[in-house]
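Each residue of the sequence shown is one higher than the one before, counting from 327 in this note's numbering.
Glycine included, every Cβ here is placed at the ideal spot set by N, Cα and C.
Just so we're clear, the structure is a prediction, and the values are computed from it rather than from any experiment.
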Amino acid sequence: QMARARQMPRCLGSRPQRHGEALPAALATAAAAAAVSVALASSLGGRSGAAFVSAPPGALRQSEDGPRGPRGQAPSAADARAGRAAEAGPVEPISAWRGSVGGALLAAAAGAGTAAAVRQRAREEASSGAYPARGGRSGSPLGRRALPSEVDWAGSNTGWNDIEKKSFTDVNWLNEHGVLTICALTLFLYQAVRIASHSPPSEPEVWATTAIYLPWMFLCWRDTDQLESHYRVTFYASTGWGFMSLASLISCVYQDKAPDFAFGVLVAGNIVFLASCAYFYVYHWSRMFRHVMQNRFRPLWLPGLFGLMCLHGLTIADFAKRVDDAGWWKIVCTIYPDEWWWVADVRIIELFVTAAALWLIILHIQGVFTGMKNAALVVIGTIFLPVGIMALESTWLRASAWQHYLMVGPKYW
């Protein structure tokens, strides 16, 4: 293996290619196609994407952190104060921080403020005798604690049943979001057939993927501020994850023709990826803690959140090994010559399932395919099922799904 590594054969296959031969034409074609996609989609109504992502006023706030008392009771004065504390804070400054580490810190601070409001509410209810004493003197407020009633396994305390039900025909598809949705679905059908037929991705396919998903990222970023703050976190972070997937796709396809360009694109993608992960996970783990304190904890959310975090950790581990040893990835591609192919397909699948998860959330917001069935499809269909497909493909390719994480490069020889 060391002798083969010194020869360093091309990771993209045995076909001869000159350095940077087709790169300018490829980038120009992808950029032009992306510009045309945005122009054509915007001509359908400019800012009409608002109808695609918006919902009736207050519906989203009701579904996420609705002011419900214990067991569906009417909210008390303490509930109202806690709800106002949870919703306090300027909206526009947060949107200016979106996707940044500063936004993550703001989300954490908001979560801490909500937790403090809930603790104050618990103390007020304990002192008023709303809950029985669990220890200490019965007349002392410190001796009383709010006891959890039951775990919300099915998400029945979310307020999802209050969302007005609609059909797919009620969704406005004649806007830029609808056009890109149809284009992405069509492209992925072709890509699914190609993957099943054991064929490698082509450069025109990469350009078409860039032409569809680059405008999608821009429009998603532009229109996410129309959503409630809870959904904004997921949409902004997903935009960053999509950028990383596209950057990695371009990097692995052009790592032979333009290695410096490929690595630079990968570095940029990982920087955005790390910021997006920090923003997303700080918010959602603090949200889990907040729900425990509010007696709204839903355990079924944990497998999806933890599984997604583990998958994202693999991307971070991969980049860390590349930075630690510049020769590590070349050795991986030497021993596993189809690794570039498998990574490209992984990123293609990631792009689609990231967009699909957001589409499902939008359908839920609009009252189409709502509730736990939507959440289950998001977790299973966009996290665990794609992982199975990726692992299955690695079995018929000369590629490593996990073994390369245990390998070392020339730095440690």
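- By alpha-carbon distance to residue 686, the top candidate from 700, 673, 676 is 700.
- Taken in chain order, the complete alpha helix (DSSP H) segments of 4 residues or longer contained in the stretch 514–587 are 529–549, 555–580.
- At the C-beta level, residue 661 and residue 726 come within 9 Å of one another.
- 631 is the residue among 663, 738, 631, 716 whose C-alpha sits nearest the C-alpha of residue 704.
- In the structure shown, residue 629 falls within a helical segment according to DSSP collapsed to helix, strand and coil.
- A Cβ-Cβ separation of about 5 Å places residue 542 in contact with residue 506 under the 8 Å criterion.
- Here residue 669 really is in contact with residue 578; their C-beta atoms are around 5 Å apart, less than 8 Å.
- In this structure, the straight-line span from the alpha carbon of residue 552 to that of residue 496 is close to 19 Å.
- For residue 738, the secondary structure class from DSSP, reduced to helix, strand or coil, is helix.
- Around the beta carbon of residue 522, fewer than 16 other beta carbons sit within 10 angstroms, so the residue counts as exposed.
- One alpha carbon belongs to residue 580, the other to residue 664, and they sit about 14 Å apart.
- Within 10 angstroms of the beta-carbon of residue 537 lie 16 or more other beta-carbons, which makes it buried.
- Annotation for residue 718: no residue places its beta carbon closer than 6 Å to its own, counting only its chain and skipping 5 residues before and after.
- Going by C-alpha positions, residue 591 is about 44 Å away from residue 621.
- The shortest CA-to-CA distance from residue 594 to any of 676, 570, 636 is the one to 570.
- One alpha carbon belongs to residue 549, the other to residue 529, and they sit about 30 Å apart.
- An exposed status is given to residue 706, since fewer than 16 other beta-carbon atoms sit within 10 Å of its beta-carbon.
- In this model, residue 547 and residue 624 are separated by some 29 Å (Cα to Cα).
- When C-alpha distances from residue 721 are compared across 524, 604, 684, 651, the shortest belongs to 524.
- By the C-beta density criterion, residue 646 is exposed, having fewer than 16 other C-beta atoms within 10 angstroms.
- Between residue 597 and residue 532 the beta-carbon gap is near 21 Å, outside 8 Å, which marks them as no contact.
- Residue 567 is positioned such that its CB atom lies no closer than 9 Å to that of residue 503.
- Burial is judged here by how many other beta carbons sit within 10 angstroms of a residue's own beta carbon; residue 636 has fewer than 16 and is exposed.
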